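In the working numbering, the protein residues as written are 1 to 571. Cβ coordinates follow ideal geometry from the N, Cα and C atoms, glycine included. This one's a predicted model, so the numbers in the text were calculated from it and none came from an experiment. Please read the structure below before turning to the comments.
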Amino acid sequence: MSRVPYQQHFGLDANPFSMAPDPDYLYLSAQHKEALAHLLYGIGTDGGFVLLTGAAGTGKTTVCRCLLRELPDKVDVACIEDPQSSAEALLAGVCRGFGLVDVAEAGRSVKRYVDRLNDFLLDNHAQGRRSVLIVDEAHRLDVAVLEQLRLLTNLETNERKLLQIMLIGRPELCKTLERPDLRQLSQRIVARFHIRPLQWREAGAYVQHRLAIAGGHAQILPDGLARWVHALSQGVPRTINLLCDRALLGAWTRREDQLDAEGLTRAAQEIGLTSAAPQPWEPSFAVAAIIIVTIFAAAVTVAGYETYGTKSTAAKVAKAMPLADVERLPASSTVARRAPRAVEPDEAGPPTPRAEPVVLPPASAGFIWPDAATRSRSSALAFAALLQQWGVTKEPRGPACESRLTDDLRCLRGRAGLDELRALNLPAVLHLKDDTGNRADALLLAIQDDSVLLKIADTEQRLAVDDLATRWQGDYSLLWRAPPAFDEPLRVGSRGRAVAWLRTRLARLRGEGEPASPAQAFDSRLLAQVREFQVLERLEPDGAAGIRTLARLAARTDPSVPTLGREVGRL
Numbered sequence: 001m002s003r004v005p006y007q008q009h010f011g012l013d014a015n016p017f018s019m020a021p022d023p024d025y026l027y028l029s030a031q032h033k034e035a036l037a038h039l040l041y042g043i044g045t046d047g048g049f050v051l052l053t054g055a056a057g058t059g060k061t062t063v064c065r066c067l068l069r070e071l072p073d074k075v076d077v078a079c080i081e082d083p084q085s086s087a088e089a090l091l092a093g094v095c096r097g098f099g100l101v102d103v104a105e106a107g108r109s110v111k112r113y114v115d116r117l118n119d120f121l122l123d124n125h126a127q128g129r130r131s132v133l134i135v136d137e138a139h140r141l142d143v144a145v146l147e148q149l150r151l152l153t154n155l156e157t158n159e160r161k162l163l164q165i166m167l168i169g170r171p172e173l174c175k176t177l178e179r180p181d182l183r184q185l186s187q188r189i190v191a192r193f194h195i196r197p198l199q200w201r202e203a204g205a206y207v208q209h210r211l212a213i214a215g216g217h218a219q220i221l222p223d224g225l226a227r228w229v230h231a232l233s234q235g236v237p238r239t240i241n242l243l244c245d246r247a248l249l250g251a252w253t254r255r256e257d258q259l260d261a262e263g264l265t266r267a268a269q270e271i272g273l274t275s276a277a278p279q280p281w282e283p284s285f286a287v288a289a290i291i292i293v294t295i296f297a298a299a300v301t302v303a304g305y306e307t308y309g310t311k312s313t314a315a316k317v318a319k320a321m322p323l324a325d326v327e328r329l330p331a332s333s334t335v336a337r338r339a340p341r342a343v344e345p346d347e348a349g350p351p352t353p354r355a356e357p358v359v360l361p362p363a364s365a366g367f368i369w370p371d372a373a374t375r376s377r378s379s380a381l382a383f384a385a386l387l388q389q390w391g392v393t394k395e396p397r398g399p400a401c402e403s404r405l406t407d408d409l410r411c412l413r414g415r416a417g418l419d420e421l422r423a424l425n426l427p428a429v430l431h432l433k434d435d436t437g438n439r440a441d442a443l444l445l446a447i448q449d450d451s452v453l454l455k456i457a458d459t460e461q462r463l464a465v466d467d468l469a470t471r472w473q474g475d476y477s478l479l480w481r482a483p484p485a486f487d488e489p490l491r492v493g494s495r496g497r498a499v500a501w502l503r504t505r506l507a508r509l510r511g512e513g514e515p516a517s518p519a520q521a522f523d524s525r526l527l528a529q530v531r532e533f534q535v536l537e538r539l540e541p542d543g544a545a546g547i548r549t550l551a552r553l554a555a556r557t558d559p560s561v562p563t564l565g566r567e568v569g570r571l
């Protein structure tokens, strides 16, 4: 990393605010952990797309570089950092990325490129290797090229897809993927995540993290300046780098040992930031603001009783983390956590037999949007029906995901593809819109090959998957029952009641006698048992018990867990 004039003055070993996407300097905020977890999860899926978006400078490329360091040995990656405007040029780049230089430089046709890639992917699969394509700056791709990428996911064997594709781009990529002619691609997205700017506390921690990596000390940025840095930069990491680099340069020229508000403001002006610095809090303005906020809050409270599901609520759901099997990192704040009740590992009863395939009612001649399916009405009915699936008869005060349910139920909200919900096998509330843009919620009850069964405004309807794609962009809410004291994915070295629960349930599933006092340490024997269960359930056999593994195990061993096609009370 290049030296900077102020490096010796502040006792730094390197440039802490370089523009290079160096993974050594990646500050793992809660959402950056989630982003990395989604990409790692995508590596383990059986093909399809993983989508990572964020505004310019929010750290997408750095997260991607960090991912490359975390990849297992048996993964081959092709990275396209400057996507081309034609399908031929893009395919040539993919071939070069996988080391197929001969075909890439021969000016081949689309068919020749695809045939050569197919041979390479089949050979990789035969050797037990995975193939991943990462496309950065994917928002620059036009529809025809995106469609060509979708066709690459058709390369498959009888057991699995051969290529996993990760699309990294700015928010406009999401709008592009909402086009009707890209509906099939959108359906194949198995995980989505959007990186937002840092909060003010995170902005301060970000600066201190980079200074520490470069050998600096915490006093360079006093604690009280975190809000100032955030206000000037709007929380965008790249902008923070520019701001702090210029501010340190100014402090060096003035022979100052730490940054101050005046120096940061001057640096912001020099690099052309238009964001206003934090203003002093005038008492008269404070009084007026309190009055305005109080009146507004009262109005929102009254309106909330009448119209749950307003635009603000929809926005919360749209921005929530997509469901992913976060096997490698701690559970995130997007999981509405409930205090787990004290459940002994042997409390749940006998194993549950596999559910018989559900038989859906005949398909109707087109989807019928009920007159009563307004957003507020359908939301209340859908969440009530979801709670009934779990045997909860007490009506919540407000949306189920924002109300206290039972002590062991947790709520997940986010965006996912239908295949991911099918794999998790839990009923979920889908957030739909009709042909005119009106929004409503429906409960997903069952999935068959080409259709789903929905319950909307007390009406059950069968809907073709293609028709669902025109009304659903992947937003969902669902419930799941966590093991006792479960806080993060379980792996070798984990301890506690959640590990004891895992050991007992696996023993029950195998028909073995349940131990009187199951060991609470995750050892190599339990690792082998978890992997065996994951193989049988067609999950990634990585031996870590995360949300998908635990939810599937609960469904197999607990009759109180509803699944797609099986309701409590219908066993």
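query: By Cβ distance, which residues of its chain are closer than 6 Å to alanine 270, with the 5 residues on each side in sequence left out?
result: A small fix is needed here, since residue 270 is glutamate in this sequence, not alanine. Only Arg246 meet the Cβ criterion.
message: Spatial neighbours of leucine 28 within its chain, please: C-beta separation below 8 Å, excluding the five flanking residues on both sides.
response: So the list reads Leu36, once near-sequence residues are dropped.
query: Among Ala551, Leu386, Glu537, Ala464, which residue has its Cα nearest to the Cα of tryptophan 501?
result: Of Ala551, Leu386, Glu537, Ala464, the residue nearest in Cα terms is Ala551.
message: Tell me the residue span of the alpha helix (DSSP H) that contains glycine 11.
response: Here glycine 11 belongs to no alpha helix (DSSP H), and DSSP marks it neither H nor E.
field: Proximity winner among Gly42, Gln219, Ser451, Gln473, relative to methionine 166 (alpha-carbon distances)
entry: The residue with the shortest Cα to Cα distance from methionine 166 is Gly42.
Option in Glu70, Asp82, Leu259 with minimal Cα separation from glutamine 219: Out of Glu70, Asp82, Leu259, Leu259 has the C-alpha closest to the C-alpha of glutamine 219.
message: Taking only three categories from DSSP, how would you classify histidine 41?
response: Going by the sequence as given, residue 41 is tyrosine instead of histidine. Three-state result, tyrosine 41: helix.
task: Just the C-alpha distance for arginine 170 and threonine 393, rounded to the nearest angstrom, thanks.
output: Near 43 Å, if we compare the C-alpha coordinates of threonine 393 and arginine 170.
task: Check each candidate in Cys95, Val465, Ile134, Val143 and name the one with the smallest Cα separation from phenylalanine 120.
output: Checked all of Cys95, Val465, Ile134, Val143; the closest Cα to phenylalanine 120 is Cys95.
query: Taking the runs of the alpha helix (DSSP H) that are 4 residues or longer, which of them lie wholly in the region 117-190?
result: Correct list: 143-152, 172-177, 183-187.
- prompt: Between lysine 161 and proline 559, what straight-line distance do the alpha-carbon atoms span, to the nearest angstrom?
  reply: If I take the Cα positions, the gap works out to 33 Å.
query: Taking C-alpha atoms, which residue in Asp223, Ser517, Ala212, Val207 lies nearest to cysteine 244?
result: Of the listed residues, the one whose Cα sits closest to cysteine 244 is Val207.
Nearest to valine 114 (by Cα), restricted to the options Gly93, Gly128, Glu262: Nearest option by C-alpha distance: Gly93.
field: Three-way DSSP call (helix, strand, coil) for alanine 426 in this model
entry: Correcting the residue identity first, residue 426 is leucine in this sequence and not alanine. DSSP places leucine 426 in coil when its eight states are reduced to three.
field: Whole-angstrom distance between glycine 59 and glutamate 172, CA atom to CA atom
entry: Taking the straight line joining both Cα atoms gives about 16 Å.
- request: Check glycine 565 in the structure and name its three-state DSSP category.
  value: Three-state DSSP puts glycine 565 in coil, outside helix and strand.
message: Which residue marks the beginning of the alpha helix (DSSP H) containing glutamate 460, and which one marks its end?
response: It is not in any alpha helix (DSSP H) - glutamate 460 instead sits in the beta strand (DSSP E) that spans 459-464.
query: Between Leu424, Gly391, Ala440, Cys411, which lies nearest to leucine 381 when the distance is taken from Cα to Cα?
result: Looking at the Cα atoms, Ala440 is the closest of the given residues.
task: Just the C-alpha distance for threonine 459 and glutamate 512, rounded to the nearest angstrom, thanks.
output: Pairing threonine 459 with glutamate 512, the inter-Cα distance amounts to about 43 Å.
- request: Give the DSSP-derived three-state secondary structure of tryptophan 252 in the structure shown.
  value: Residue state, collapsed to three classes: helix.
- prompt: Between glutamine 448 and leucine 468, what straight-line distance do the alpha-carbon atoms span, to the nearest angstrom?
  reply: Rounded to the nearest angstrom, the two C-alpha atoms are 13 Å apart.
- prompt: Since serine 477 sits in a beta bridge, which residues does DSSP pair it with?
  reply: The partner list for serine 477 (beta bridge, DSSP) reads Arg413, Val429.
- prompt: Are the CB atoms of arginine 548 and leucine 424 nearer to each other than 8 Å?
  reply: Note that the C-beta distance between arginine 548 and leucine 424 is below 8 Å.
- request: Taking 8 Å as the threshold, find out whether the region 16-26 comes into contact with the region 119-138 through three or more Cβ pairs.
  value: Contact check between the region 16-26 and the region 119-138: fewer than three CB pairs, one atom from each, fall below 8 Å, which does not count as touching.
task: Could you check how far apart the C-beta atoms of threonine 153 and glycine 48 are, in whole angstroms? I think they sit under 8 Å.
output: With 8 Å as the limit, threonine 153 and glycine 48 qualify as a contact, their Cβ atoms being about 6 Å apart.
task: Please check the pair arginine 497 and phenylalanine 522, which I expect to be a contact at CB under 8 Å, by giving their CB distance rounded to whole angstroms.
output: The beta-carbon distance between arginine 497 and phenylalanine 522, rounded to whole angstroms, is 12 Å. This is too long to meet the 8 Å contact definition.
query: What do you get for proline 489, buried or exposed, if any count of 16 or more other CB atoms within 10 angstroms of its CB means buried?
result: Buried: at least 16 other Cβ atoms inside 10 Å.
query: leucine 553: buried (16+ other C-beta within 10 angstroms of its C-beta) or exposed?
result: Classification of leucine 553: buried, given that the 10 Å Cβ count is 16 or more.
task: Helix, strand or coil for phenylalanine 522, going by three-state DSSP, please let me know.
output: In the structure shown, phenylalanine 522 sits in coil (DSSP, three-state: anything other than H, G, I, E or B).
query: Do the CB positions of valine 77 and leucine 26 come within less than 8 Å of each other?
result: Their beta carbons are not under 8 Å apart, which means valine 77 does not touch leucine 26 by this criterion.
query: CA-CA distance, leucine 67 and cysteine 79?
result: Using only the alpha carbons, I get a separation of about 12 Å.
- prompt: By a C-beta neighbour count over all protein chains shown, 10 Å radius and 16 as the cutoff for buried, is leucine 211 buried or exposed?
  reply: Leucine 211 should be labelled buried.
message: In whole angstroms, give me the CA-to-CA distance for serine 378 and aspartate 408.
response: Roughly 26 Å between the two C-alpha positions.
- request: Measure the CB-CB distance between glycine 54 and glycine 216 and report whether it falls below 8 Å.
  value: No. Outside cutoff.
- request: Give the range of the alpha helix (DSSP H) segment to which valine 499 is assigned.
  value: Unbroken alpha helix (DSSP H) run through valine 499: 497-509.
Proximal residues to asparagine 241 (C-beta, below 6 Å), its chain only, five neighbours per side dropped: Correct list, in chain order: Phe17.
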